[in-house]
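Colleague:
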Amino acid sequence: MFHYHRGVTTFADALAEFEQAWADPRHTAAALPDVDVNRVLAERYTAEPAIVVTRDQVWDMEVRKAWDPVRYIPYVVSEGTSWGRTELSDGSRRHLRSSVQEAWTDETQGRVFEEVVTDPVQRRILFLGRARMEAADGTLLQTDEFQPLFHVEHAVGGTQDAPTNMWRIVSLTDAPDPALRAFFDDMAAAGWLPGFLEIYLEQDLGVILHRR
């Protein structure tokens, strides 16, 4: 019989699932250094007009990106759609997302399904990879098995005038994958703002950015 995940009921449930996966020694986990948004913007870019990015704006970007990955991460996602937005009993929100994404370490592409759970108080969003999912019309969907499932956390920290952007991932591998670790180490070493934040600044806030 075709089974699919029925969905978490609170953000705490989603976080517990993420942390359990994170702690599993078979999995490949990586956390990028927190991005001090305005420091990186000042040191690595020229911005026209000059801007001090607020914590509220970084959170606005995260919420928009969670719903519309094609707009905010087109360098990863070529197709994407979201549906089923609901409010959970603890005040968090949940929706489902389907996208066609590039594999992390090669040029293959495949369909990725995610259960997305947003905590607007803590300003954290969890993207939980799912092998199977129910579409908006009730069709039962199954992911392409082109790479292991993965869970991602995006979060916003810092203060209103000194926000930080946070990101961590755990890939549900059978054993730690050195190629994945190297890929994420390279991401951490790049030193730029995340691509999705560059897009938000330019497309939503009208800021022209130039990398130094």
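Residues are numbered in my numbering as their position in the sequence shown, beginning at 1, plus a constant of 6.
Ideal Cβ positions, reconstructed from N, Cα and C, are used throughout, including at glycine.
Keep in mind that this is a model prediction, so the values were computed, not measured.
What three-state label does DSSP hand F8 in the structure shown?
Modeller: With a pLDDT of 36 at F8, under the threshold of 50, the predicted position of this residue should be treated as unreliable, though the coordinate-derived value follows. Three-state DSSP puts F8 in coil, outside helix and strand.
Colleague: According to DSSP, is P169 part of a helix, a strand, or is it coil?
Modeller: strand
Colleague: Below 6 angstroms CB to CB, which residues in the same chain sit around M7 once its five sequence neighbours on both sides are set aside?
Modeller: Its pLDDT being 32, under 50, M7 is placed unreliably in this model, and the coordinates cannot settle the point.
Colleague: Assign P169 to buried or exposed, taking buried as 16 or more other Cβ atoms, counted over all protein chains shown, within 10 Å of its Cβ.
Modeller: buried
Colleague: Can you check whether the CB of V41 is closer than 8 angstroms to the CB of L211?
Modeller: No. Outside cutoff.
Colleague: Please classify L94 as buried or exposed, where buried requires at least 16 neighbouring CB atoms within 10 angstroms.
Modeller: buried
Colleague: Taking all protein chains shown into account, decide if I214 is buried (16 or more other Cβ within 10 angstroms of its Cβ) or exposed.
Modeller: exposed
Colleague: Taking the alpha-carbon positions, what's the L146 to H101 distance?
Modeller: 16 angstroms
Colleague: Can you tell me the Cα-Cα spacing of G97 and G90, whole angstroms?
Modeller: 16 angstroms
Colleague: List the whole-angstrom C-beta distance separating V14 from E25, where the pair is believed to meet the contact cut-off of C-beta under 8 angstroms.
Modeller: In fact, because the Cβ distance is near 13 angstroms, the residues do not count as touching under 8 angstroms.
Colleague: So what does DSSP say about D210, is it helix, strand or coil?
Modeller: helix
Colleague: In terms of alpha-carbon separation, which member of W110, N171, D191 lies closest to E204?
Modeller: Closest by alpha carbon: N171.
Colleague: In three-state terms, what does DSSP make of G164?
Modeller: strand
Colleague: For D191, count neighbouring C-beta atoms within 10 Å of its own C-beta (all shown protein chains included) and say buried if the count is 16 or more, exposed if not.
Modeller: exposed
Colleague: Leaving aside the five residues before and after Y78 along the sequence, list all residues of the same chain whose C-beta is less than 6 angstroms from its C-beta, in chain order.
Modeller: K71, F202, I205
Colleague: In whole angstroms, give me the CA-to-CA distance for Y10 and E120.
Modeller: With a pLDDT of 43 at Y10, under the threshold of 50, the modelled position of that residue is not reliable, and no figure is offered here.
Colleague: Quick one: give me the first and last residue of the beta strand (DSSP E) that A35 is part of.
Modeller: 34 to 37
Colleague: G197 to L38, Cα distance in whole Å?
Modeller: 11 angstroms
Colleague: Name the DSSP bridge partner or partners of F156?
Modeller: The beta-bridge partner set that DSSP reports for F156 consists of S177.
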